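Novice: Remember, my numbering sits 27 above the position in the sequence shown when you count from 1.
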Amino acid sequence: MSIEILDSTLREGEQSPGVNFTPEQRVEIAIALDEIGVEYIEAGHPSVSEDVFRGIKDVVEQGLKANILVHSRAKREDIDMVLRTEAPWIGMFFCVSSHCLKMRFGITLEE
28 MSIEILDSTL
38 REGEQSPGVN
48 FTPEQRVEIA
58 IALDEIGVEY
68 IEAGHPSVSE
78 DVFRGIKDVV
88 EQGLKANILV
98 HSRAKREDID
108 MVLRTEAPWI
118 GMFFCVSSHC
128 LKMRFGITLE
138 E
């Protein structure tokens, strides 16, 4: 049996209060993960900020052995931004609670 590793440090780590990776730090971390043999690197959520977008694009441009994944809401503008990073993988999510649908998408569960 073979185990493959998906590392979410670049996305989940930034959800900690006060943590904001610079584009350079994002690349440095991705290179380190690639060097130790991580197969999948979740590079971040590009719609968070221009710095996150730039950092993700910079990671993709490194040509690492690891597969680079980008996180995205299932919204057209977020997906368009992911496509601009040129990352080969996308991890999409869509909230389904009534509150989330109303607040984030302006729709009801029935819609």
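Even glycine gets a Cβ: it sits at the ideal position worked out from N, Cα and C.
Predicted model, so just to flag it, every value in this text is computed and none were measured.
Buried or exposed: leucine 110, going by 16 or more other Cβ atoms within 10 Å of its Cβ?
Specialist: exposed
Novice: Taking arginine 100 as part of the beta strand (DSSP E), name the residues at either end of that continuous run.
Specialist: 94 to 100
Novice: Note the first and the last residue of the continuous alpha helix (DSSP H) segment covering glycine 82.
Specialist: 77 to 88
Novice: Identify which residue in Glu88, Ile56, Cys122 has its Cα closest to the Cα of glycine 40.
Specialist: Ile56
Novice: Count Cβ pairs between the stretch 94 to 106 and the stretch 116 to 123 that sit closer than 8 Å; are there 3 or more?
Specialist: yes
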